[in-house]
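K.L.:
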Amino acid sequence: MQVNQYIRGLQHLGIPTKKMSESIVFYEKLGFQIINEENQVNNGGQVAFLENQRLVIELWDNVEATGVSGAIDHIALDVVNIQDLYQQIQNEKMNVVSDGIETLHYWKKGISYFIVAGPNGEHIEFCQINL
Numbered sequence: 001m002q003v004n005q006y007i008r009g010l011q012h013l014g015i016p017t018k019k020m021s022e023s024i025v026f027y028e029k030l031g032f033q034i035i036n037e038e039n040q041v042n043n044g045g046q047v048a049f050l051e052n053q054r055l056v057i058e059l060w061d062n063v064e065a066t067g068v069s070g071a072i073d074h075i076a077l078d079v080v081n082i083q084d085l086y087q088q089i090q091n092e093k094m095n096v097v098s099d100g101i102e103t104l105h106y107w108k109k110g111i112s113y114f115i116v117a118g119p120n121g122e123h124i125e126f127c128q129i130n131l
């Protein structure tokens with residue numbers, strides 16, 4: 001299979017924040033609604049997923065957030081068959097910057113993901129929500 005056959009569309013945009021409450025209020029004013037909130041595995045901070053018209057934004061506490069204009073940490077693509085896709089990405093010799101396929105406890109049954117760096121340093125996350 002080609003890489004594009006694993007991708008189902010944009011899953012979310014990840015935005016680090018030093019001001020979680022203020023960020024949530026801002027996006028709620030734009031019509032976004034919280035669809036999931038959890039504590040981060042790594043540092044105990046908060047993670048919030050907000051949705052508006054099928055666009056999902058992930059906000060997470062990060063005291064080291066850059067605070068520069070347009071600071072978006074990653075683009076996440078919703079994928080299927082992540083094990084097969086990971087092998088395909090390796091075959092394409094793309095720059096995987098995560099520690100292989102990783103997992104987090106987000107959503108009800110967790111997620112599996114890996115991250116590739118693009119030519120400009122951007123991070124593309126391939127993410128499968130476990131159903």
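The UniProt record's numbering applies: residue 1 is where the sequence shown begins, and numbers increase by one. Where is the CB? At the ideal position from N, CA and C, for every residue including glycine.
1. Check whether the segment 53-63 and the segment 24-43 touch, using three or more Cβ-Cβ pairs below 8 Å as the test.
2. Could you give the distance in angstroms between the alpha-carbon of Q90 and the alpha-carbon of L10?
3. By Cβ distance, which residues of its chain are closer than 7 Å to G110, with the 5 residues on each side in sequence left out?
4. Distance check for E37 and W107, CA to CA, integer angstroms please.
5. Between the beta-carbon of Q128 and the beta-carbon of D78, is there less than 9 Å?
6. By how many angstroms is the C-alpha of F49 removed from the C-alpha of G31?
7. Compare the C-alpha of V3 against each of M94, N39 and Q40 and name the closest.
8. Measuring CA to CA, which of E64, P16, V116 and N81 is closest to E92?
9. What are the boundary residues of the alpha helix (DSSP H) that V25 is part of?
10. The alpha helix (DSSP H) that contains Y86, what's its start and end?
11. For S21, count neighbouring C-beta atoms within 10 Å of its own C-beta (all shown protein chains included) and say buried if the count is 16 or more, exposed if not.
12. Got a sec, what are the start and stop residues for the beta strand (DSSP E) Q11 sits in?
13. Out of curiosity, what's the CA-to-CA distance linking E125 and L13?
P.N.:
So, to answer that:
1. yes
2. 21 Å
3. T103, L104 and N130
4. 9 Å
5. yes
6. 13 Å
7. M94
8. V116
9. M20 to K29
10. I82 to N91
11. exposed
12. I7 to T17
13. 10 Å
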